[in-house]
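Chemist: Those sequence lines, one after another, are chains A and B.
Mapped onto numbering that gives the first Met the number 0, the consecutive letters of the first sequence carry residue numbers 0 to 143.
Mapped onto numbering that gives the first Met the number 0, the consecutive letters of the second sequence carry residue numbers 0 to 180.
Mind looking over this structure? Questions follow.
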Amino acid sequence: MIQGIMPSTMKARNSIKGSGRRLLLISLAGLCATGFSAGVSAEYADVVLNRLSDKNDVRPVIFPHWFHRIRFRCKVCHNELGFEMRAGANEITMGKIIDGQYCGLCHNDEIAWGVDNCSLCHSGKHGLKTGIRGSNQTGGPGRW
Amino acid sequence: MKFKSRHLLFIVAVWSALQAQEVIWKSLSEDGLHDPENPAIELLQQPAEALSQLPPDTVGNRVLWNRALREQYIQPRTNIYPETKIEVIDMDIIMEKTGELPLVLFPHRPHTEWLDCTNCHDKIFVRKVDANPVNMFAILSGQYCGQCHGAVAFPLTECNRCHSVPRSTFTGKPGVQSRAN
C-alpha cells in the first residue's frame with residue numbers, strides 16, 4: 000500500500016503549484032490507497048488447494064483456515080490427522096478422503112458435511128494457484 | 000508552503016489508507032477467491048459472521064486468537080482420538096541475537112495451547128537453545144516462525160510482539176527462563 004502512495008507523494012514534492020493541483024493530487028493519493036486495498040481480498044489464512052482440481056475440471060478447494068481454528072486447535076489436524084504445515088505439501092485425493100483420511104476424518108456426513116457436497120469445498124475460481132492467501136500476508140520473498 | 004503541502008498530502012494519504020483498511024472481512028463472493036457463480040457459496044459461513052464476535056486485533060484476521068482462547072470466546076477441540084496426549088508447556092525462551100532490536104521472548108504456553116510439540120520439534124526447530132540459526136530473512140521466506148507467522152498466525156509486520164524485551168531493562172540470562180524470575 001505504501002508503494003501505491005509513494006509515487007503521488009514524490010510527484011507532489013516536485014510539482015505542487017496551486018491549491019487546485021494540490022487537491023487533485025490529494026484525491027489521487029486517496030484513490031490510489033483505496034484502490035490498492037480493494038485489490039487485496041481473501042480472508043487472512045485462506046488456503047487455496049489446486050494440485051489436482053483444475054486438471055480434473057472441478058473448482059479449486061478454498062480451505063478457510065480461520066473457520067477451522069475456531070473449532071479445532073492446530074494440533075488436531077497438524078498432528079492427529081497428519082497434515083503437513085505447508086500448503087500443497089499434502090497428497091490429498093478424494094479417494095483418501097472417502098477412506099477417512101485427511102478431511103475425511105470429519106467430512107463424512109457425521110461430524111461435518113460429506114463428500115457428496117462437492118461445491119462446498121471446491122468453491123474457488125478456476126486458475127487459482129495453490130497457497131495461502133490473505134490481505135495481510137508478508138509481501139517479502141515468501142513462499143506462500 | 001511547499002513543505003506544508005507535502006506533509007499535508009502525506010497525512011491525507013496515510014489517513015485514506017487507514018480508512019480503506021476499515022473495510023474488513025470481505026464477503027465470500029467478493030473475496031477474489033470464491034467463484035460467485037457457485038450456488039453453494041450461500042451455504043458457507045461468512046468471515047464477518049464468525050470473526051466479528053471475537054476479541055478484535057488490528058492485523059491478520061482482526062482477531063486476538065490467544066485472548067479468544069484464554070477467555071473462552073472459542074473452545075476448539077484439543078483432540079479427536081481419546082488416547083492422544085495433550086501437552087501444554089509453560090516455558091519462556093529469550094533469544095538475544097537480534098542485532099539492536101529488543102530481545103525476542105518466545106512463550107511456549109500459547110504455542111502449545113494450539114500446537115503439538117512435534118509440529119515444531121524437531122522438524123522446524125531443534126530442541127536446544129541457540130541451535131537454530133533463526134533470522135528474519137529465513138522467517139520472511141516462510142521458514143522457522145514464518146511457517147505460521149505471516150501465513151496463518153499474526154503477520155510479520157508486528158515486530159514488537161516477538162521483539163518484546165528491551166535490551167536496556169533485561170538483566171537476566173538469555174535462553175530458558177526459570178519461573179523464579
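C-beta atoms are modelled at their ideal positions from N, C-alpha and C, and glycine is treated no differently.
All values derive from a computational prediction rather than experimental measurement.
Could you name the residues that DSSP lists as bridge partners for D115/B?
Modeler: DSSP, once it has assigned bridges, lists no residue as partnering D115/B.
Chemist: Closer than 6 Å by C-beta to E83/A: which residues in its own chain qualify, once you throw out the five before and the five after it? Chain order, please.
Modeler: These residues qualify, in order along the chain: N89.
Chemist: Please report whether the beta-carbon of Q44/B lies at a distance below 9 Å from any beta-carbon of chain A.
Modeler: At least one chain A Cβ lies under 9 Å of Q44/B.
Chemist: Would you check if the distance between the CB atom of A41/A and the CB atom of D30/B is smaller than 9 Å?
Modeler: In this structure, D30/B lies closer than 9 Å to A41/A by Cβ.
Chemist: Helix, strand or coil for G29/A per DSSP?
Modeler: Annotation note: pLDDT 46 at G29/A (below 50); position unreliable, coordinate value reported separately. Of the three classes helix, strand and coil, the one that applies to G29/A here is helix, per DSSP.
Chemist: Looking at the unbroken alpha helix (DSSP H) that takes in R132/A, where does it start and where does it end?
Modeler: Not the alpha helix (DSSP H): R132/A falls in the beta strand (DSSP E), residues 130 to 132.
Chemist: Which residue or residues does DSSP assign as beta-bridge partners of P106/B?
Modeler: Beta-bridge pairing links P106/B to D91/B.
Chemist: L32/B and L127/A - do their beta-carbons sit closer together than 9 Å?
Modeler: Cβ atoms of L127/A and L32/B: closer than 9 Å.
Chemist: Skipping 5 residues on each side, what residues in its chain have a beta carbon closer than 7 Å to that of S163/B?
Modeler: Correct list, in chain order: P101, L104.
Chemist: Which same chain residues end up closer than 6 Å to F124/B when comparing Cβ atoms and leaving out the 5 residues on each side of it in sequence?
Modeler: Cβ neighbours of F124/B beyond the five flanking positions: N131.
Chemist: Could you check whether P38/B and W24/B sit closer than 9 Å to each other, using their CB atoms as the reference points?
Modeler: No, these two residues do not count as a Cβ contact at 9 Å.
Chemist: Is it true that the CB of V47/A sits closer than 9 Å to the CB of G130/A?
Modeler: Cβ atoms of G130/A and V47/A: closer than 9 Å.
Chemist: CB R160/B to CB E99/B, shorter than 9 Å?
Modeler: The answer is no: Cβ separation not under 9 Å.
Chemist: Can you find a C-beta in chain A that's less than 9 Å from the C-beta of D37/B?
Modeler: Here the sequence assigns Asn to residue 37/B, which means Asp is not the residue at that position. Yes, because at least one Cβ of chain A sits closer than 9 Å to the Cβ of N37/B.
Chemist: Helix, strand or coil for S76/B? Go by DSSP, reduced to three states.
Modeler: The amino acid at residue 76/B is misidentified as Ser; the sequence shows Arg. R76/B falls in the strand class under three-state DSSP.
Chemist: Whole angstroms is fine: what's the gap from C116/B's alpha carbon to E86/B's?
Modeler: When rounded, the distance between both Cα atoms is 8 Å.
Chemist: With DSSP run on the structure shown, which of helix, strand or coil describes P54/B?
Modeler: It is coil, neither helix nor strand.
Chemist: For G99/A, I'd like the list of residues in its chain whose CB is within less than 6 Å of its CB, leaving aside the five on either flank, ordered along the chain.
Modeler: Nothing meets the Cβ criterion.
Chemist: In the DSSP output, what is F62/A paired with across the bridge?
Modeler: Per DSSP, V46/A.
Chemist: So V62/B packs on L43/B, CB below 8 Å; how close in whole Å?
Modeler: Not really, about 18 Å apart at Cβ, beyond 8 Å.
Chemist: Would you check if the distance between the CB atom of P154/B and the CB atom of G59/B is smaller than 9 Å?
Modeler: Closer than 9 Å, so yes.
Chemist: Hey, is G87/A's beta-carbon within less than 9 Å of any beta-carbon in chain B?
Modeler: Judged by the 9 Å Cβ criterion, G87/A is not in contact with chain B.
Chemist: List, in chain order, every chain A residue whose beta-carbon is nearer than 7 Å to that of P75/B.
Modeler: Under the 7 Å cutoff, chain A gives R68, I69, R70, F71, R72.
Chemist: So the candidates are N118/B, I93/B, I88/B; which of them puts its Cα closest to the Cα of C147/B?
Modeler: Checked all of N118/B, I93/B, I88/B; the closest Cα to C147/B is N118/B.
Chemist: Check the Cβ-Cβ distances between E112/B and every residue of chain A, and say whether any is below 9 Å.
Modeler: Cβ-Cβ to chain A under 9 Å: yes for E112/B.
Chemist: What's the C-alpha gap between V75/A and H106/A?
Modeler: Going by the C-alpha atoms only, they are around 14 Å apart.
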